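These notes are about the structure you will find just below.
Protein chains: 2
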Amino acid sequence: MRPIRAGLLGIGTVGSGTWDVLNRNADEIRRRAGRAIRIARVADKDLKKARKLVDGMAILHRNAWEVVRAPDIDIVIELIGGTGIAKALVLEAIAQGKHVVTANKALLAKHGNRIFAAAQKKGVMVAFEASVGGGIPIIKALREGLAANRIEWIAGIINGTSNFILSEMRDKGLPFATALAEAQRRGYAETDPTFDIEGIDAAHKLTILSALAFGIPMQFAKAYTEGISKLTQADIGYAEELGYRIKLLGITRRAKHGIELRVHPTLVPARRLIANVEGVMNGILVKGDAVGATMYYGAGAGSQPTASAVVADLVDVTRLITADPGHRVPHLAFQPDQLSDTPILPIGEVETAYYLRMRVLDRPGVLARITRILADSRISIDAMVQKEPGEGEKRVDIVMLTHRAIEKNVNAALARIERLPTVVGKVTRIRLEALL
Amino acid sequence: MRPIRAGLLGIGTVGSGTWDVLNRNADEIRRRAGRAIRIARVADKDLKKARKLVDGMAILHRNAWEVVRAPDIDIVIELIGGTGIAKALVLEAIAQGKHVVTANKALLAKHGNRIFAAAQKKGVMVAFEASVGGGIPIIKALREGLAANRIEWIAGIINGTSNFILSEMRDKGLPFATALAEAQRRGYAETDPTFDIEGIDAAHKLTILSALAFGIPMQFAKAYTEGISKLTQADIGYAEELGYRIKLLGITRRAKHGIELRVHPTLVPARRLIANVEGVMNGILVKGDAVGATMYYGAGAGSQPTASAVVADLVDVTRLITADPGHRVPHLAFQPDQLSDTPILPIGEVETAYYLRMRVLDRPGVLARITRILADSRISIDAMVQKEPGEGEKRVDIVMLTHRAIEKNVNAALARIERLPTVVGKVTRIRLEALL
């Protein structure tokens with residue numbers, strides 16, 4: 001059989017990794033796929049760099065549209081990123097009847113519904129294993145490996161940069177800004193780190209996982225996102241003392257009245273395996289009704305790990321390229337006419353447990369007033385730490401863990417607590433999940 | 437489309453779980469597979485029990501051959517276990533042109549080569565996700581998710597019973613026999629626990645993983661197997677002191693002159709995620725050249741988790757049932773004419789690090805003689821613990837961790853050490869893996 005010919009758009013970090021893996025393991029891949037897979041054309045704005053990498057083994061283009069429209073290309077690999085030109089190129093590739101492999105989580109989270117509909121209509125595949133969890137085959141696990149299950153929830157460390165920062169803060173006692181600078185120095189964080197540290201990248205990925213788990217369309221606009229930039233050593237220390245670690249988790253859960261879709265710092269019991277996923281590594285917990293809890297762990301980013309997922313997709317697409325579209329795994333795990341319209345819950349409706357830290361004046365009756373307000377809002381306390389005030393110190397920290405409560409009730413109670421004259425400043429509130 | 441009709445052989449623990457999951461999640465599964473999947477016939481020797489479970493919703497048989505030969509059955513689900521009648525039934529199902537889904541690791545490890553050849557010839561699929569790691573989709577991850585990689589090694593906790601026993605021994609300080617009795621009381625271990633505690637079950641599973649990882653035939657007879665029944669609290673304690681945990685690992689590695697295939701108790705750094713897989717849970721580390729280390733975690737046994745894998749296979753087979761066999765993933769990950777004849781290394785040729793514990797008379801020069809013997813055999817010491825002898829005590833324990841060395845050299849050195857008049861009894865030797 002003739003080799004499958006791919007056109008690569010973008011030969012940056014992941015693109016050059018893909019080029020490298022596909023060449024280095026060409027024999028292994030052919031023995032698996034039953035057919036050779038070659039990158040026949042490469043498009044990149046930096047022709048000089050591309051020429052050096054490709055070394056005459058593929059046709060080079062400065063104009064990506066030429067690759068997307070080239071009649072000899074079977075699969076377009078989109079590694080440009082972003083939602084601008086990448087979107088137009090992917091839609092054109094589909095229109096040209098070409099299959100697409102992409103690592104672009106932002107594109108799929110925001111425009112996936114349109115892209116998959118176009119692909120469905122044209123009978124082509126859009127594969128995106130590399131969009132979540134780097135080299136971890138989490139898309140395949142969710143879409144195929146756990147197909148027997150009614151998925152109950154997913155909780156994942158799906159942004160390596162923020163996990164690295166949190167690991168540094170805990171291990172070395174660094175403040176957030178210093179840990180971020182270290183991440184930037186190592187090349188884990190961009191000059192503008194907003195996407196990673198504010199949870200936006202994680203929310204893109206979580207949107208994709210949520211759609212696959214629950215058979216719903218992509219709804220990135222409804223995701224709740226809160227980052228790690230306000231976390232302090234005080235909170236990390238108190239959490240530790242209570243037997244917890246703080247992780248930036250993406251959580252999506254099938255609740256009674258809708259689906260939760262939220263990214264935020266979360267206290268997790270220190271004994272849980274996921275609490276021990278350190279540095280830039282990713283770990284994704286998936287709870288199914290039959291299988292129980294499963295976890296998938298590995299490098300969530302980087303040239304070679306992400307290329308591993310891109311090339312796995314190339315093998316999958318190659319295998320099914322001449323097959324009837326009915327034989328393919330549906331893009332969103334469920335048949336396109338079988339998606340559900342279960343709504344995404346606003347964050348106020350979410351039920352979770354909470355870590356609360358407040359600074360109060362060391363006077364009699366303060367605690368009684370606070371606990372009365374919580375009780376009035378039906379928020380019950382699971383654990384509490386109150387420190388002896390230091391010599392001459394008039395303010396003390398009170399830290400509480402609550403049982404599960406509805407977020408809007410917690411917000412209302414905290415607003416009342418903050419109005420107490422004996423409470424100093426704002427209450428710090430971090431969500432807590434037992435992950436059972 | 438008409439529903440896919442499966443015939444279930446054996447409605448015991450996993451069989452009843454499969455029946456249950458397929459019925460409970462029928463709608464979810466149909467929305468995914470695009471087609472309903474039904475168990476139309478059930479065979480079990482215990483007709484009374486089967487009748488109660490099936491409640492008139494499938495045709496019951498006492499004779500499994502009737503199900504295997506029934507013209508209305510598309511897929512045979514073999515959950516009888518063992519290598520006797522199960523083998524004959526699977527081969528007959530294939531001869532009848534039926535696809536097979538099985539959880540039978542012993543059957544595949546011992547007779548997989550013959551079974552897959554027969555299936556290949558007949559153009560049918562034999563799916564076996566449930567044979568390793570219960571509900572963890574590890575077969576799919578290895579065969580498809582990591583298809584871009586040259587796999588370097590796999591190290592797995594793939595027997596929940598022995599992992600439960602080791603967790604109990606460490607957590608509660610129980611001796612082996614008491615922890616085993618507890619496992620039996622809870623139904624995790626059989627009355628005759630040999631298969632689980634002596635590593636045979638793990639070796640069956642490892643044989644399957646090794647074949648998939650390296651594109652070699654199943655070679656169970658060449659697997660090295662050593663169980664946990666001789667482990668003592670002394671070793672667990674010393675390991676802990678040195679920063680390690682003892683786990684029963686199945687390890688398969690691509691070495692210079694062949695492939696390692698071995699199951700044995702192993703010291704693992706306590707900080708590694710896999711060292712923290714506790715109780716009956718399974719965890720499988722896979723190292724690929726592109727992706728790096730990935731881990732897959734979940735329930736390795738039990739009715740519903742194993743059923744999760746069986747039903748995932750049913751969905752996969754259903755999807756490809758009318759497809760050209762060329763569109764299917766090859767049974768052993770590599771195309772059948774592309775298997776490799778790389779030999780399995782005898783255990784003497786394996787290179788690993790070691791934990792050594794010996795009891796010696798507390799006299800001058802003893803340690804010098806021991807370290808001289810090790811140096812002569814080119815075994816270098818990485819760490820050592822020697823305890824002060826107790827009041828009036830004439831014997832002391834010496835514990836050493838070595839760097840990597842060839843096993844036959846270690847055996848020769850240990851034989852010399854055991855002949856020293858100052859060394860009391862045998863040297864305890866447990867292998868150690870850094871898993872990097």
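Chains A and E are the protein sequences, given in the same order. With the working numbering, the residue at position 63 of the first sequence is 63, and numbering never jumps. With the working numbering, the residue at position 65 of the second sequence is 501, and numbering never jumps. By construction, the Cβ of each residue, glycine as well, lies at the ideal position given by its N, Cα and C atoms. All figures in this text were calculated on a predicted structure; none of them were measured in a lab.
- Residue environment: E:M493 is assigned as exposed (fewer than 16 neighbouring CB atoms within 10 Å of its CB, all protein chains considered).
- Separation of the CB atoms of E:E464 and A:R150 is rounded to 5 Å, and the pair is thereby assigned contact status at 8 Å.
- In the DSSP annotation of this structure, the continuous segment of the beta strand (DSSP E) that includes A:V76 starts and ends at I75 to E78.
- Taking a contact as a CB-CB distance under 8 Å, the pair E:L721 and E:T702 does not count as one, their CB atoms being some 12 Å apart.
- In the same chain as A:M384, and ignoring 5 residues on each side of it, the C-beta atoms closer than 6 Å to its own belong to M400, in chain order.
- Contact annotation, E:L868 with E:Y791: C-beta distance approximately 5 Å; criterion of less than 8 Å satisfied.
- Between the segment 290 to 298 of chain A and the segment 171 to 187 of chain A there are fewer than three inter-stretch CB-CB distances shorter than 8 Å, so the stretches are not counted as touching.
- Taking C-beta atoms under 8 Å as the contact rule, A:L273 and E:L709 qualify, at a distance of about 6 Å.
- Within its own chain, the residues whose Cβ lies closer than 8 Å to the Cβ of E:G694, once the five positions on either side in sequence are excluded, are T778, P779, I780, L781 and E785, listed in chain order.
- Using a Cβ-Cβ cut-off of 7 Å, E:E514 is close to nothing in chain A; its nearest Cβ partner there is about 17 Å away.
- Rounded to the nearest whole angstrom, the CA to CA distance from E:E580 to E:V512 is 23 Å.
- Taking E:G571 as the centre and dropping the five residues before and after it, the same chain places the C-beta of G734, A735, P741, S744 and A745 closer than 6 Å to its C-beta, in chain order.
- Secondary structure at A:N25: coil, using DSSP grouped into helix, strand and coil.
- Annotation: the segment 283 to 322 of chain A contains the following complete segments of the beta strand (DSSP E) (minimum length 3 residues), in chain order: 292 to 299.
- Judged by DSSP in its simplified three-state form, A:L345 adopts coil rather than helix or strand.
- Taking C-alpha positions only, A:R51 is separated from A:N25 by approximately 21 Å.
- Separation of A:G12 and A:A118 (C-alpha to C-alpha, rounded to the nearest whole angstrom) is 27 Å.
- A:T428 is bridged by DSSP to A:R357.
- A:M1 counts as exposed, since fewer than 16 other beta carbons sit within 10 angstroms of its beta carbon.
- Burial state of E:Q556 is buried, judged by a 10 Å Cβ sphere holding 16 or more other Cβ atoms.
- Residue contact with chain A for E:M654: absent (no Cβ-Cβ distance below 7 Å to any residue of chain A).
- The continuous stretches of alpha helix (DSSP H) do not include A:D72, and DSSP gives it neither H nor E.
- Rounded to the nearest whole angstrom, the CA to CA distance from E:L775 to E:I551 is 15 Å.
- E:D749 is classed as buried because its beta carbon has at least 16 other beta carbons within 10 Å across all chains shown.
- Between the C-alpha atoms of A:I139 and E:V859 there is a straight-line separation of about 56 Å.
- Per DSSP, E:G686 lies in no alpha helix (DSSP H) segment; the continuous beta strand (DSSP E) that holds it begins and ends at Y680 to R690.
- If the five residues before and after A:D44 are omitted, its C-beta is found closer than 7 Å to the C-beta atoms of G10, I11 and A50, all from its own chain and listed in chain order.
- Distances from the alpha-carbon of A:N163 to those of A:N113, A:A141, A:N409 and A:D201 put A:D201 closest.
- In the three-state DSSP reduction, E:P772 falls in the helix class (H, G or I).
- Flagged as an interface residue toward chain A: E:A735, by a C-beta distance shorter than 7 Å.
- Secondary structure at A:M281: strand, using DSSP grouped into helix, strand and coil.
- A straight-line Cα-Cα distance of about 7 Å links E:R466 and E:I473.
- Counting only Cβ-Cβ distances below 8 Å, E:S646 has no contacts in chain A at all, with the closest Cβ about 16 Å away.
- The segment 836 to 845 of chain E makes contact with the segment 800 to 814 of chain E, as at least three CB pairs between them are under 8 Å.
- Secondary structure note for A:M169: its alpha helix (DSSP H) is the uninterrupted segment G160 to K172.
- In this model, A:I157 and A:K247 are separated by some 7 Å (Cα to Cα).
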